[in-house]
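Numbering (my numbering), first residue to last: 1252 to 1574.
The beta-carbon is built from N, C-alpha and C at its ideal position, and this holds for glycine as well.
All figures in this text were calculated on a predicted structure; none of them were measured in a lab.
What follows is one structure encoded as structure tokens, with my remarks underneath.
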């Protein structure tokens, strides 16, 4: 009488002969997660041969394997006799093997895709499962690199090169979102517009490179004063814009005066020449009667204009004119 279960394992060992030199890992586990088969890929990357690992519980040899997660992943394979998969994007690796790939040799570990298959015996039961481990380090790093490059391109597309602040287009998108947030929540927010006083004189006296140095320094001072929730942008030329989230007019005035004094005290040195500048600022707190973000922006511009009319180097809160 033929022992079909024995025949099945003979066939498995015959397949193992083919898999010894293939660059995939193959592991067979019984239902107690004891290792039954361990191919050369696994030996080469773990440093442990088949004789050492056979009969050992997987979790006792590889502490990096999250036992609860792995059991949740594999128990349905035993029960339902269906394959399951896990990719490096779900979990970077099952076995923490060092990475020896020539292209991505700087990565500390091997990224892995895993297939878990049931090994069905002649009586229809699944007492063993087979793990196939694929080294996908090159693919994973190439994809991660592409995503990083795309993220950098996205950052560049919305960032002003000189100041590293948001550019006008992206900043206005943020302003529109903040306007709609107010429509939903009615939480206070303030818009600040400011520019550098007598900036044309700076360019005419010291040259455009010096003007760029002044703009860059003002942007740095702005960034230093922003909270995480605030949104700063370069609106154009020497003009800047700030969204102060969850901020009323008195708090916005405190912010603008702190920024104004900081810039007033700052000396910009360019090619051995010291340059001092001041800024004028306009503040507009959003109100229910504001019809859209452009209306809100216009109010901040009017307040900025009032600061300039009153002698510059000051902050002005927008006040609606009395009719």
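Under the rule that 16 or more other beta-carbon atoms within 10 Å means buried, what is residue 1408, buried or exposed? For this step, residue 1408 is matched to residue 157 along the chain shown. That one is exposed.
Contact under 8 Å by Cβ, residue 1385 with residue 1275: Position 134 of the chain shown, counted from the start, is the residue given in the question as residue 1385. Position 24 of the chain shown, counted from the start, is the residue given in the question as residue 1275. In contact: residue 1385 and residue 1275 (Cβ atoms closer than 8 Å).
For residue 1314, name the three-state secondary structure that DSSP assigns. Working through the chain shown from its first residue, we reach residue 1314 at position 63. Three-state result, residue 1314: coil.
With 16 as the cutoff for other CB atoms within 10 Å, does residue 1571 come out buried or exposed? To locate residue 1571, count along the chain shown from 1; it is residue 320. That one is exposed.
State the beta-bridge partners of residue 1444 as determined by DSSP. Position 193 of the chain shown, counted from the start, is the residue given in the question as residue 1444. Answer is 1492, 1533, bridged to residue 1444.
Rounded C-beta distance between residue 1360 and residue 1348? I'm assuming under 8 Å. Taking the chain shown and counting its residues from 1, the one referred to as residue 1360 is at position 109. Taking the chain shown and counting its residues from 1, the one referred to as residue 1348 is at position 97. 6 Å between Cβ atoms; contact.
So, residue 1524 versus residue 1448, is the Cβ gap smaller than 8 Å? Locating residue 1524 in the chain shown gives position 273, where the first residue counts as 1. Locating residue 1448 in the chain shown gives position 197, where the first residue counts as 1. Cβ atoms of residue 1524 and residue 1448: not closer than 8 Å.
Relative to the C-alpha of residue 1308, which residue among 1492, 1358, 1280, 1482 is closest? Here residue 1308 refers to the residue found at position 57 of the chain shown. Per the Cα distances, 1280.
Starting from the Cα of residue 1389, find the closest Cα among 1380, 1358, 1368, 1313 and give me that residue. Locating residue 1389 in the chain shown gives position 138, where the first residue counts as 1. It is 1358 whose Cα lies nearest to the Cα of residue 1389.
Own chain, CB closer than 7 Å to residue 1558, minus 5 neighbours either side, in chain order: The residue you call residue 1558 lines up with position 307 of the chain shown. Result list for residue 1558: 1531, 1532, 1533, 1565, 1566, 1567, in chain order.
Please state if the CB of residue 1498 and the CB of residue 1425 are separated by a distance shorter than 8 Å. Counting from 1 along the chain shown, the entry for residue 1425 is found at position 174. Counting from 1 along the chain shown, the entry for residue 1498 is found at position 247. No, the Cβ-Cβ distance between residue 1425 and residue 1498 is not below 8 Å.
What does the Cβ neighbour count give for residue 1453, buried or exposed, with the cut at 16 atoms within 10 Å? In the chain shown, residue 1453 corresponds to position 202, counting from 1. So residue 1453 counts as buried.
Identify which residue in 1471, 1443, 1366 has its Cα closest to the Cα of residue 1505. For this step, residue 1505 is matched to residue 254 along the chain shown. Here the closest residue by C-alpha is 1443.
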